[in-house]
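Input: a single structure, listed below in structure tokens.
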Amino acid sequence: MTTSDITLSPAAARRLHSISEAEGRPVMLRVAVEGGGCSGFQYQFDLVEAAQPDDLKVERDGAAALVDEVSIPFLKGSEIDFVDELAGAEFRVRNPNAKSSCGCGVSFSI
């Protein structure tokens with residue numbers, strides 16, 4: 483899989499830059515898919531300073547997201563985005579593989 487199969491949106495890159503500035507250190511967004519949630523799978527988001535050896539690194543404008551080897555097939559073709567809406571601000575995955583998802587958008591099925 484190439485990094486072009488999973489992308490980082492400009493909004494997500496801007497948010498990662500602002501988090502890094504606020505933290506005073508560079509951070510990357512780790513995105514993982516885990517079993518669970520109301521639809522079968524759920525996304526897990528964490529801020530980390532370093533990649534693991536088997537991570538896929540997705541970059542845009544100097545910002546980076548990391549995806550572990552096991553999660554890559556579930557995220558193929560996805561865009562990692564950041565949305566700031568009235569209901570709240572959050573990272574989201576726009577996943578074309580998800581057949582259905584829960585109302586909060588964190589849980590999905592394939």
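Under our numbering, the first residue of the sequence shown is numbered 483, with each subsequent residue one higher. Note that CB positions come from ideal geometry on N, CA and C, so glycine has one too.
Quick one: Cα of residue i to Cα of residue j, how far?
{"i": "isoleucine 554", "j": "histidine 499", "result": "24 Å"}
{"i": "proline 535", "j": "glutamate 572", "result": "27 Å"}
{"i": "asparagine 577", "j": "tyrosine 525", "result": "11 Å"}
{"i": "phenylalanine 523", "j": "alanine 545", "result": "26 Å"}
{"i": "glutamate 505", "j": "glycine 518", "result": "31 Å"}
{"i": "glycine 570", "j": "arginine 507", "result": "25 Å"}
{"i": "phenylalanine 527", "j": "aspartate 566", "result": "16 Å"}
For a quick check, are the C-beta atoms of residue i and residue j less than 9 Å apart?
{"i": "valine 513", "j": "glutamate 531", "result": "no"}
{"i": "lysine 558", "j": "isoleucine 488", "result": "yes"}
{"i": "valine 552", "j": "valine 540", "result": "no"}
{"i": "serine 491", "j": "arginine 542", "result": "yes"}
{"i": "alanine 494", "j": "alanine 547", "result": "yes"}
Determine the DSSP secondary structure at residue i, reduced to helix, strand or coil.
{"i": "alanine 545", "result": "strand"}
{"i": "arginine 512", "result": "strand"}
{"i": "alanine 571", "result": "strand"}
{"i": "glutamate 505", "result": "helix"}
{"i": "isoleucine 554", "result": "helix"}
{"i": "aspartate 487", "result": "helix"}
{"i": "cysteine 586", "result": "Confidence at cysteine 586 is low in this model, with a pLDDT of 49, below 50, so the placement of that residue is unreliable and no value is reported for it."}
For my contact list, residue i and residue j are in at a C-beta cut-off of 8 Å; report their separation, rounded to the angstrom.
{"i": "serine 564", "j": "valine 515", "result": "Per the sequence presented here, residue 564 reads as phenylalanine, with serine not at that position. Contact doesn't hold; Cβ gap of about 18 Å is too wide."}
{"i": "isoleucine 562", "j": "leucine 511", "result": "7 Å"}
Looking at the C-beta of residue i, does it have a partner C-beta in chain B at a distance below 9 Å?
{"i": "aspartate 536", "result": "The displayed structure is made up of one protein chain only, and chain B is not part of it."}
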